[in-house]
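Everything below concerns the one structure shown next.
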Amino acid sequence: TLIVLLATGYSGLKAFSPTCPVIPLPERIDCIPDQVATKDLCVLRGCCWDPQNETHVPWCYFSKNHGYQVQGRMSDTNPGFEATLTRLPSPSLFGNDIEKLHLTAEYQTANRFHFKITDPANKDRFEVPHENVQPFQGSKATNLMYRVEVTDNPFGISVIRNSNNKVLFNTSIGPLIYADQFLQLSIRVPSWNVYGVGEHVHRQYRHDFNWKTWPIFTRDAFPNGDMSNLYGAHTFFLCLEDTSGHSFGVFLMNSNAMDFALQPAPAVTYRTIGGVLDFYVFLGNTPEEVVQQYLLLIGLPWMPSYWNLGFHICRWNYTDLNDVKAVVERNRAAGIPYDVQYTDIDYMEDKKDFTYDKINFAGLPEFVQDLHDHGQKYVIILDPAISVNNLKNNTPYEAYLRGEQMKVWINESNGTSPLIGEVWPGTTVFPDFSSPEAVQWWVYECNNFHKTINFDGLWIDMNEVSNFVKGSKTGCASNNLNYPPFTPKILDGVMYSKTVCMDVVQKAGKHYDVHSLYGYFMSIATDKALKTIFRESRSFLLSRSTFSGSGKFTGHWLGDNFATWNDIKWSIPGILEFNLFGYPFIGADICGFIDDTSEELCRRWLQLGAFYPFSRNHNAAGHAPKDPAYFGQNSLLVNSTKHYLTIRYTLLPYLYTLFYKAHARGETVARPVLHDWDSQLPGFTFSDMFIQISTRLPSQFVYGFGETEHKQFRHEMNWKTWPMFARDQPPGYRFNTYGVQPFYMGLEEDGNAHGVLLLNSNGMEVKFQPTPALTYRTIGGILDFYMVLGPTPEQVVQEYTALIGRPVLPAYWGLGFQLCRYGYKNDAEISELYDNMKAANISYFQGVDKVTAYIPDAVWYEYETGLKAPCRKQECQMFLPENKLGLHLRGGYIFPIQEPANTTVYRYFLILKVLTMAVIHKRYIEPNNLIFENIKILGLPLEPSDVKVTSNNVVQSYNLTVKYNAADKVAHITGLRLKLGEEHTLSWKQTLKDIDKFDCHPEENASKEKCEALGCIWEKASVAGAPYCYYPPDNGYTVDQIEYTSSGLTANLGTNINSVRLSGQQIPLIDKLRLEVKYHDNNMLQFKIYDYSKKRFEVPVPLNLPQTPISTLENRLYEVSIQNHPFGIQVRRKSTGTVL
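The opening residue of the sequence shown carries number 66 in the working numbering; numbering runs sequentially from there.
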């Protein structure tokens, strides 16, 4: 026993006996997260052993004896409170536990709480040296949205929302573990609606809480859809608490390698191998507010230049400059709107930074000037690894020599010898960007090279930091930094795999602590270089590796993806997550970086990618080109791409405004639907029981039951038993397999037939015997039988399907030949098979032209037609053939329209009936004299008149055309000549026309006094017969609780506070009404408004209506939309768009 106790680090002399209460499995915190659990190891760690039938759940979980307790009383401080924590006597997991800790807590703002747990005996313990997050200097905030409670023994801390007393953050679900190289804290959260943490490929936006563990440690790895750690390190998550929209976020300021584990409690656990536990909790009434709070702490996103928002074309392995020129020329000739051309490492001499290949890329400076002459930009790649070798002609590589002289490299553990690795240029050293000397060197080299190649922006890659040998050319020492006692579930399971040794020395600390900060420091250094080169003008910076807060300096892309349909799908959650992390300038390589693409995949990806915040087409070496024009000058792909990129360029002022809001306030640019959607959390129950019933049969001719493989159609009555319980089980004799069908049909001796259904979904079996009879045995539910009788078997089947629901009618194409296989290697193999099938004249369908999309709760307009979307806050089917994407714009916004080109910087805002276009930065002069010619305003309640334009405070006289669609509330103003770079103001009147006024006082003797007493407007009319007393435009009812179904909708109507009283004033308004809309058939609908609190007379004349609505979305001749503030109903003929 003594040996065991010493081995575990427990210094007592008595055997340790853990306290193991019964804890529900979803709430157990894993005590052996590092390896396969065994009973011996569990006992050694002083934990509770309870083996299960699944290995991904904890068999060994923490006892109540682990953790810390509060020593003495907590002390108040100016910003909050502090306490001392002492470790409870228990075995150690990985050794070197810290016995005494210091807790500091700060009420930093009304919706931000900060607490940090440190080792008071080790002031040199590593903490993240962050550019934006500094020690808090203020006092305790007031009017807090939250309160904090501390549990003394074992220590736990909770954050509670004051408005509803909901516990948001509670660490009492598991023990605090704080050792030198293993720190752990578990947090119970109030819902499973958790988003964020990265960088990984999350196949869905919301996290799966089914015992998933995600490693965080920056790594050069392919984003292939497994659970590997990727390029960035982001520890922030957002939790949507409930359907109210209330949300909170959690951020751990820690850069060491770690695991983030989720379990069904719901709870999350952070396990990190160094640093301190430094937590921030943010509260908001919406998810968007939480993101804004987080970004206010770590640094608001950088503001991109206007040209950054254009379309970018890039590839790795252009063979020479002529290859690049061919790409540029064919895309220009095809009319593809694009602003930015890149070159990857191929432009360099032997892959060396700050050089260019004067043979294969001879004339590169002149080519860059040609791009500039065409209004385009040029971006180059730089990698951190610097070659130690001379140039091709054996002349010195000056960039390396200057760095060597300034001692800017990462050093081996001795602190003096540069670590030697290998990357693209061969043998290399690595700059230490946390060193001021390295930053100075880097700024100089970038600026110096810009004098040779007039690039417009920089793309920094391989900065995780990536190394093609493990650790170094000479390997890594065997110590507890390179081989820590606990290694998170990182790719390869070795800390220095694909990077440098963990014990190498940087200015900021050991690489063990600062590895995931390498890209962060490099981004800061490169931002300083660009500011030196371009002074006050904004440039362009794109980094592969990121850390919390580097979005203040750089954009990001999702890395070396693949040309597959999965990757196009996975790009969406990735883009949404990086908006949470503070990187609104985010995109994925359009058409896929690795592997060849099919035309269909690339076409659809270009349609989608036209609306990525960062839109770039990129391609790896060894694969066919993927730039749009490669597919043919007049191809479907080119025409589709031109169409959607033109829309992107048309909307660039709007996109730019979103980026300004992100930069100024921390708003997201690509925003998840959940920010507008209230979801409901599911639940389930289960009953454990056994029921049996037997029945005699009239004959031995029995058919049915399934899903199992019956070797013959008619059942054998020879004591056969058939199990029924849905299971992933290939069909086999007498095995239960994929489905459950507890129905049989019996053929009677006289030829009549009948059927029997047991409506029960529990596991069951049926047993046949020669009597003839059968027995049902089920383990739950009730006995709920239905019998149908018919003269023939066919009639029985019809009666049965009438009961349970008629079979689905397949689409016509569903009756064609279909081809499938398990085990396709990639999309290229599928594409080849498809081409072979077409070549052999074997017809089958691969794509779809109808999709189902969720439409959030707002008024939406289809971009290309201007028509209002008929659906709202529901899933809606859309017809999207191969050249359509389904782009919609939200009503209530102003969209100035421009021709596709690069231009200057604008901000747009609407004040009453005025549109102001104000130049924010006027240091950039647009050489092409671009102008705004058209402005479209969606959701304008009245037709605009007397439109006036001023430019630079001078009134302009234009021959304007104003078209107004009253049904859609869309105004389109053309004939403008608004020069970019100048300030403009558009103003207009919105006056209700006489012919559009509705009489508020239809009785005789109307007067101004009577009219205004009713709350109406008195104004003499110029049109004969028009009312002098008319309703205000916003008079009426408001709409609440709209509920849509496939056959109509219902809503509650309530009176507006300012609703006009009825003429005569004796009759009170009915405050609450009910609206019902029914789509009776494809050419008839009904809507009804009534007082649901009081029965009113209805005409007792029967109408020939279907008993239930029989219309379908596809075949209805009409579509219905509801207006709010005030209520209105609109019916439109679908074929023509006419509002009826």
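In this text, a Cβ means the ideal position worked out from N, Cα and C, and glycines have one as well.
Exercise for the section: Work out the CA separation of N999 and L1045 for me, nearest whole Å. Expected result: Rounded to the nearest angstrom, the two C-alpha atoms are 13 Å apart.
Problem - Supposed contact pair N319 and V193 - C-beta distance, whole angstroms, cut 8 Å - result: Indeed they touch by this definition, with Cβ atoms about 7 Å apart.
Handout entry: Close-in-space but distant-in-sequence residues of the same chain around V767 (CB under 6 Å, 5 per side omitted)
Key = So the qualifying residues of the chain are H780, Y809, G811.
Practice task
Could you tell me which of K563, H576, F618 sits nearest to Y585, measuring between CA atoms?
Solution key: It is F618.
Handout entry: Closest residue to A686 among V861, P369, G657 (Cα-Cα distance)
Key = Nearest of V861, P369, G657 to A686, Cα basis: G657.
Handout entry: Three-state secondary structure assigned by DSSP to V428
Key = Note that residue 428 is Gly in the sequence shown, not Val. Three-state DSSP puts G428 in coil, outside helix and strand.
Handout entry: Nearest-angstrom beta carbon gap, Y345 and F316 [assumed within contact, 8 Å]
Key = The Cβ separation is near 4 Å, so the contact holds.
Practice task
Could you tell me whether the segment 1182–1193 touches the segment 1144–1158, where touching means 3 or more Cβ pairs closer than 8 Å?
Solution key: Yes: the two stretches touch, three or more of their Cβ pairs being nearer than 8 Å.
Handout entry: Rounded C-alpha distance that separates T420 from N382
Key = Between the alpha carbons of T420 and N382 lies a gap of roughly 16 Å.
Problem - Rounded straight-line distance, which links the Cα of S140 to that of E42 - result: What is shown of the chain runs 66 to 1205, which leaves residue 42 out entirely.
Practice task
Tell me where the beta strand (DSSP E) around N801 begins and ends.
Solution key: Element bounds for N801: n/a, residue is neither H nor E.
Problem - Cα-Cα separation, N783 to P796 - result: Straight across, the Cα-Cα distance linking N783 with P796 is about 21 Å.
Handout entry: Span separating the alpha-carbon of T552 from that of S237
Key = Their backbone Cα atoms lie some 25 Å apart in a straight line.
Practice task
Spell out a yes or no on whether the segment 719–737 and the segment 342–360 are touching, meaning 3 or more CB-CB pairs, one atom from each, closer than 8 Å.
Solution key: Here the segment 719–737 lies against the segment 342–360, with 3 or more beta-carbon pairs under 8 Å apart.
Exercise for the section: For D184, collect the residues of the same chain with a Cβ closer than 7 Å to its Cβ; drop the 5 residues on either side in sequence, then sort them by chain order. Expected result: If we look at D184 and ignore the five residues flanking it on each side, its Cβ neighbours are I163, L166, R190.
Problem - Residue of D285, E1008, T300 minimising C-alpha distance to V1035 - result: Comparing Cα-Cα distances from V1035 to each of D285, E1008, T300, the minimum goes to E1008.
Handout entry: Alpha-carbon spacing of T1120 relative to Y1102, whole angstroms
Key = Distance between the alpha carbons of T1120 and Y1102: 5 Å.
Problem - Distance, F612 Cα to I410 Cα - result: The straight-line gap separating the alpha-carbon atoms of I410 and F612 is approximately 24 Å.
Problem - Which of helix, strand or coil DSSP assigns to K785 - result: Correct three-state label for K785: coil.
Exercise for the section: Find the nearest neighbour of P255 within the set G290, A206, A298, S312, judged by alpha-carbon distance. Expected result: Per the Cα distances, S312.
Handout entry: 7 Å CB neighbourhood of D497 in its chain, flanking five on each side removed
Key = Cβ neighbours of D497 beyond the five flanking positions: V473, W474, I475, A503, Q571, K572.
Practice task
Sort Q806, P280, P835 by Cα distance to V821 and report the nearest one.
Solution key: Of the listed residues, the one whose Cα sits closest to V821 is Q806.
Practice task
Return the chain-ordered list of same chain residues with a C-beta closer than 7 Å to the C-beta of Q328, the five sequence neighbours on each side being excluded.
Solution key: Cβ within range, chain order: P91, F274, W276.
Practice task
Determine which residues share a DSSP beta bridge with M829 and list them.
Solution key: In DSSP, M829 forms a bridge with M789, T843.
Practice task
Rank T308, G616, I88, D521 by C-alpha distance to the C-alpha of D115 and give the top, closest one.
Solution key: I88 is the residue among T308, G616, I88, D521 whose C-alpha sits nearest the C-alpha of D115.
Problem - DSSP state of P496 mapped onto helix, strand, coil - result: DSSP places P496 in strand when its eight states are reduced to three.
Practice task
Can you give me the start and stop residues for the alpha helix (DSSP H) that D632 sits inside?
Solution key: 630–646 is the span of the alpha helix (DSSP H), which, as asked, contains D632.
Practice task
Compute the Euclidean distance between the alpha carbons of F1063 and T1026, then round it to the nearest angstrom.
Solution key: Cα to Cα, the separation comes out at about 28 Å.
Practice task
Using only alpha-carbon positions, find the residue among S452, Q505, I640 that is nearest to I485.
Solution key: By alpha-carbon distance to I485, the top candidate from S452, Q505, I640 is S452.
Practice task
Please confirm if the segment 1077–1088 is in contact with the segment 1046–1060, defined as three or more CB-CB distances below 8 Å between the two stretches.
Solution key: With the cut-off at 8 Å, the segment 1077–1088 and the segment 1046–1060 touch.
Exercise for the section: From the DSSP output, in three-state form, read off G624 for me. Expected result: The three-state secondary structure of G624, taken from DSSP, is coil.
Exercise for the section: Could you work out which residue in E414, S1087, G522, A322 is closest to S602 when comparing CA atoms only? Expected result: Measuring from the Cα of S602, the nearest candidate turns out to be G522.
Handout entry: Pick from T337, H439, G314 that is closest to I555, judged by C-alpha positions
Key = Of the listed residues, the one whose Cα sits closest to I555 is T337.
Handout entry: Given 8 Å, three or more beta-carbon pairs between the segment 478–492 and the segment 510–521
Key = Counting Cβ pairs under 8 Å, fewer than three are found: no touch.
Handout entry: Among A175, S157, F159, T216, the one whose alpha carbon lies nearest that of L168
Key = That would be T216, whose Cα lies nearest to the Cα of L168.
Exercise for the section: Could you tell me which residues DSSP puts in a beta bridge with P280? Expected result: For P280, which the question treats as bridged, DSSP gives the partners D324.
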